[in-house]
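Following: one structure in structure tokens, then a few remarks.
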Amino acid sequence: MTTSSETPVLDTLAAMTLDSIERCGLPEDDLILTRIAALVAMDASEMSYVAHLGAAAASGLTASQVQDVLVAVAPIVGTARVMSAATRMTEALGFAIAVAVAEADAELGT
34 MTTSSETPVL DTLAAMTLDS IERCGLPEDD LILTRIAALV AMDASEMSYV
84 AHLGAAAASG LTASQVQDVL VAVAPIVGTA RVMSAATRMT EALGFAIAVA
134 VAEADAELGT
């Protein structure tokens, strides 16, 4: 199978995510919190958090709720994974802010 897309991997991940959301009966905020917990357990990369923190904000989740997930999973996954996740979430947030600022600058022509 060939694809005409320049980003076939990202396209596949996006399609998998949409399919999962359509098949899941959880409310959106619970779905995102569950995914964040899974990312922590997997010691996911910053880009994985980038992909979910925007959805978390869009669904109305607060930083406090995300912190509650870290507290909830800490006894299961351990301190190292929770601290890694917190660091990677912070880096992901910084990356997302930098991209947003760059896009705003481009729109303004600065």
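Residue 88 in my numbering is what sits at position 55 of the sequence shown, and the numbering runs on without skipping anything.
Don't be surprised by glycine CBs; every beta carbon is placed ideally from N, CA and C.
Margin query: With H, G and I counted as helix, E and B as strand and the rest as coil, what does DSSP make of Pro60?
Written below: One-based indexing of the sequence shown puts residue 60 at position 27. In the structure shown, Pro60 sits in coil (DSSP, three-state: anything other than H, G, I, E or B).
Next item on the list: Assign Leu46 to one of two classes, buried (16 or more other C-beta atoms within 10 Å of its C-beta) or exposed (fewer than that).
Entry: Stepping through the sequence shown from its first residue, residue 46 is reached at position 13. Per the 10 Å Cβ criterion, exposed.
Margin query: According to DSSP, is Glu39 part of a helix, a strand, or is it coil?
Written below: Working through the sequence shown from its first residue, we reach residue 39 at position 6. Coil at Glu39, not helix or strand.
Notebook entry, point to check: Nearest CA to the CA of Ser81: which residue from Thr123, Ser92 and Gly142?
Noted result: As a working mapping, residue 81 is identified with position 48 in the sequence shown. Of the listed residues, the one whose Cα sits closest to Ser81 is Thr123.
Margin query: Along the chain, where does the alpha helix (DSSP H) containing Ala77 start, and where does it finish?
Written below: The sequence position of residue 77 within the sequence shown is 44, counting from 1. Where Ala77 is concerned, there is no enclosing alpha helix (DSSP H), given that its DSSP letter is neither H nor E.
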